[in-house]
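What follows is one structure encoded as structure tokens, with my remarks underneath.
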Amino acid sequence: MIKARAAQLGRQPEATLSIHVVGVSGLILILLLGALRPINLGSLSLAMTFLVGAIFVGENVKEMCSGFPVELLTLLAGVTYLFAIAENNGTVGRVVEGTARFVQSRRALIPWGVFVIAALPSMAGAIGTAGVALLAPLALRLARWHDIDRRMVGLMVVHGSACGNFSPLNALGAIVTQAVTRNGLQMSSSALFLGNLAYNIILAAVIFLVFGGLRLGWREAKGRQPEPENKQVEPGPRRLRADQICTLLAILAVAVAAFGFGLNIGLVAFTAAAAIHLIFPASSGEAEKKIAWGVVLLVCGIVTYVAALQRYGTIETVGHGIAGLSVPLVTGFLLCVVGAVTSAFASSAGILSALIPLAVPLMARGDINTTGLVIALSISATVVDATPFSTVGALVVANAEDEERRRIYRGLLLWGAVMVVTAPLLTWLIFIMPAAP
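Heads up: the sequence shown runs through residues 63 to 499, numbered per our numbering.
This is how it looks when you write it as structure tokens:
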């Protein structure tokens, strides 16, 4: 596509290499400016999409906007709108209050309960975003009630959902398996599922330790359980109001529509929220003003620019360059690095669909173990989804309380950066090196 565009503009096809250099340099500049100045990275990304597309590639407006993630926008805005209404009318408070009675003093079990619950939908075949979208708002408020680090609970939701990414029932697992088998290669699907499951469980244990999980148990043992931050638990259950009952039914309907019928969860959430707001305007308040538009701009802008890099062939060019190296083990490691870095800003499924075919020659020649490389690539490209630039990470940030959003954003950004650095190396050492011929 880029060569054709270059020819239309009268350039030599060889000059397209400069487009890739400009594209990668633009991404580095976005991240650098975002770190130095208090500006939303999404606005910088949209501006860079326009500048690179118009000046260096010659794209028209339609082409430049083709990578804008409309579905992601509706997902983030629709879910936060629905739960803003649920919070305004007290539904979220009632759910958290009921959960608090059930949990009582067992605060240390809350993060692990969230982790297990988040894993179930994706293991059953649901896309990870659906489970995170519905669980993250409630989990964050439950953590606030019990004075648990919201970063811990948010990451537990993300990595719990990631446990089921390569379940035999999950679409992502099918994408990876088919990308391998259609090239006449064989791999162990069960090893992929179990390897990913074990890796995320270990990460959950690290999260629990790093973000103060042991202190939860210590406080309970000493009898110093803190009181809820803003509320006292009522002595007995109260009857739900009509608007709260309708809100609970609406959330349940959204879950059934997403998990049972595969409908777009963002649009379904918008429909449910609009209906509740229309029927109960007084208790819904100005819920639309609580939509996390800053997070929407951040993620949609970043995704639009990375989609442009994919459209230019930059990521594929980098992958082909790495795949052409003569040292198989180094090639496998570098492919995992590319998968981790790019997937932190883009679709994991799309990145894996692009990178696995590049690794096929290595696997076909027997230079590297097929199952080991696929597991390493798959984990490297998915554990980085905790970054605020990915869909599930953005859902956690978007559903945080206003005063906590910046802290949670920084926590997920730092954790995601650690995943980008460590996942390729660790998966290479664990899954590729031991099976090297």
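Backbone N, C-alpha and C define an ideal beta-carbon position, used for all residues, glycine too.
Secondary structure at residue i, three-state DSSP: helix, strand or coil?
i, result
"methionine 126", "helix"
"serine 388", "coil"
"glutamate 465", "helix"
"glycine 160", "helix"
"arginine 544", "No statement about residue 544 is possible, as the shown extent of the chain runs from 63 to 499 and does not include it."
"phenylalanine 3", "Since the first residue shown for the chain is 63 and the last is 499, residue 3 is missing from the structure and cannot be characterised."
"glycine 85", "helix"
"valine 446", "helix"
"aspartate 429", "coil"
"glutamine 248", "coil"
"isoleucine 353", "coil"
"asparagine 151", "coil"
"alanine 406", "coil"
"phenylalanine 118", "helix"
"serine 452", "coil"
"glycine 324", "coil"
"asparagine 262", "helix"
"alanine 188", "coil"
"alanine 511", "In the structure as shown, the chain begins at 63 and stops at 499. Residue 511 is therefore absent and cannot be evaluated."
"proline 100", "coil"
"histidine 208", "coil"
"arginine 203", "helix"
"glycine 375", "coil"
"arginine 472", "helix"
"glycine 347", "coil"
"glutamate 296", "Here glutamate 296 scores only 43 on pLDDT, less than 50, and its place in the model is too uncertain to base an answer on."
"serine 107", "helix"
"serine 80", "helix"
"cysteine 225", "coil"
"proline 496", "helix"
"leucine 197", "helix"
"phenylalanine 342", "coil"
"leucine 231", "coil"
"proline 486", "helix"
Would residue i and residue j be called neighbours here (beta carbons separated by less than 7 Å)?
i, j, result
"leucine 140", "glycine 328", "It is glycine, not leucine, that sits at residue 140 in the sequence shown. Closer than 7 Å, so yes."
"alanine 448", "glycine 478", "yes"
"aspartate 429", "proline 390", "yes"
"glycine 92", "serine 107", "The question names glycine, but residue 92 is isoleucine in the sequence shown. Contact: yes."
"valine 511", "valine 480", "Missing from the structure shown is residue 511; the chain here goes from 63 to 499 and no further."
"alanine 266", "phenylalanine 177", "yes"
"glycine 386", "serine 442", "no"
"glycine 88", "valine 114", "yes"
"leucine 278", "arginine 203", "no"
"serine 415", "threonine 444", "no"
"isoleucine 384", "leucine 435", "no"
"alanine 460", "leucine 200", "no"
"leucine 134", "threonine 453", "yes"
"valine 154", "alanine 146", "no"
"proline 173", "phenylalanine 270", "yes"
"leucine 196", "alanine 180", "no"
Since residue i contacts residue j with CB under 8 Å, what's their CB separation in whole angstroms?
i, j, result
"alanine 462", "glycine 394", "Between glycine 394 and alanine 462 the Cβ distance is about 37 Å, and since that is not below 8 Å, they are no contact."
"phenylalanine 407", "isoleucine 364", "5 Å"
"tyrosine 367", "threonine 111", "5 Å"
"leucine 397", "alanine 370", "Incorrect: roughly 22 Å between the Cβ atoms, too far for contact."
"threonine 309", "asparagine 151", "6 Å"
"isoleucine 353", "valine 238", "Contact flag wrong, Cβ pair sits at about 34 Å."
"valine 194", "leucine 457", "5 Å"
"serine 250", "threonine 433", "5 Å"
"serine 105", "leucine 359", "6 Å"
"glutamate 350", "tyrosine 143", "6 Å"
"valine 119", "tyrosine 374", "6 Å"
"threonine 379", "histidine 82", "5 Å"
"glycine 85", "threonine 376", "5 Å"
"phenylalanine 451", "valine 392", "Actually they are not in contact, since the Cβ atoms of phenylalanine 451 and valine 392 sit about 28 Å apart, beyond 8 Å."
Next on the checklist: When you compare the stretch 217 to 231 with the stretch 240 to 247, are there three or more beta-carbon pairs, one atom per stretch, that lie closer than 8 Å?
Outcome noted: no
Checklist entry - With contact counted as at least three CB pairs below 8 Å, one residue from each stretch, are the stretch 226 to 242 and the stretch 178 to 188 in contact? => result yes
Checklist entry - So does the stretch 255 to 262 actually touch the stretch 204 to 214, counting three or more Cβ pairs closer than 8 Å? => result no
Next on the checklist: Three Cβ pairs or more, each shorter than 8 Å: is that satisfied between the stretch 307 to 323 and the stretch 125 to 134?
Outcome noted: no
Item to check | Touch test, the stretch 327 to 342 against the stretch 415 to 430, Cβ-Cβ under 8 Å, three pairs minimum | outcome: no
Checklist entry - Any chance the stretch 341 to 358 sits against the stretch 301 to 312, with 3 or more Cβ pairs inside 8 Å? => result yes
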